[in-house]
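To start, the structure itself, in structure tokens.
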């Protein structure tokens with residue numbers, strides 16, 4: 173005995189509604205990507221990043237980060253839990269640079285020591301530890 177086509181349509185329609193409801197939930201923005209440092213320092217008065225120092229951090233999907241603090245290359249691990257980011261030991265090269273770059277890099281390293289809070293609004297990533305902040309802009313994918 174054959175079932176009428178309409179008997180198949182209702183279950184398919186209900187199933188499609190259930191699946192679309194499951195997949196339409198809003199997710200928080202992802203930290204994964206490459207971010208360029210735009211400002212750093214005291215949270216109440218951050219200063220612009222050193223203009224000729226390309227300070228970037230790339231967070232990958234596997235919990236690994238790499239980048240440059242403005243002078244030295246750096247790398248390590250990270251974990252995200254809600255609005256907290258925990259950095260594993262950060263390794264870096266040991267080059268010396270001029271004072272503005274070294275100061276900037278020192279602040280970057282200080283904030284990336286263990287756990288900090290972060291927030292993503294649009295294309296801006298803010299990482300805050302105590303009263304020190306790093307502000308990054310998302311680098312467009314090429």
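Residue numbers (my numbering): 173 to 314. The beta carbon of each residue, even a glycine, is placed where N, CA and C say it ideally should be.
Does residue i come within less than 7 Å of chain C when only Cβ atoms are used?
i           : result
residue 300 : Among the chains of the structure shown, chain C does not appear; only one protein chain is present.
Residue i and residue j: beta carbons closer than 7 Å?
i           : j           : result
residue 227 : residue 213 : no
residue 257 : residue 248 : no
residue 245 : residue 265 : yes
Within its chain, find whatever has a CB closer than 7 Å to the CB of residue i; leave out the 5 residues flanking it on each side and keep chain order.
i           : result
residue 273 : 222, 225, 242 and 243
residue 303 : 214 and 215
residue 286 : 258 and 259
Pull up the CB-CB distance for residue i and residue j, whole angstroms please, since I reckon it's below 8 Å.
i           : j           : result
residue 311 : residue 206 : 4 Å
residue 203 : residue 252 : 6 Å
Would you call residue i buried or exposed, if buried means 16 or more other Cβ atoms sit within 10 Å of its Cβ?
i           : result
residue 288 : buried
residue 301 : buried
residue 234 : exposed
residue 284 : buried
residue 240 : buried
residue 250 : buried
Which residue from the options puts its Cα closest to that of residue i?
i           : options          : result
residue 254 : 298, 291 and 308 : 291
residue 201 : 220, 299 and 293 : 293
Only counting the same chain, and skipping five residues up and downstream in sequence, which positions put a Cβ closer than 6 Å to that of residue i?
i           : result
residue 210 : 221, 307 and 309
Taking 8 Å as the limit between beta carbons, can you name the residues of its chain near residue i, skipping five residues before and five after?
i           : result
residue 305 : 211, 212, 213, 214, 215, 218, 283, 298 and 299
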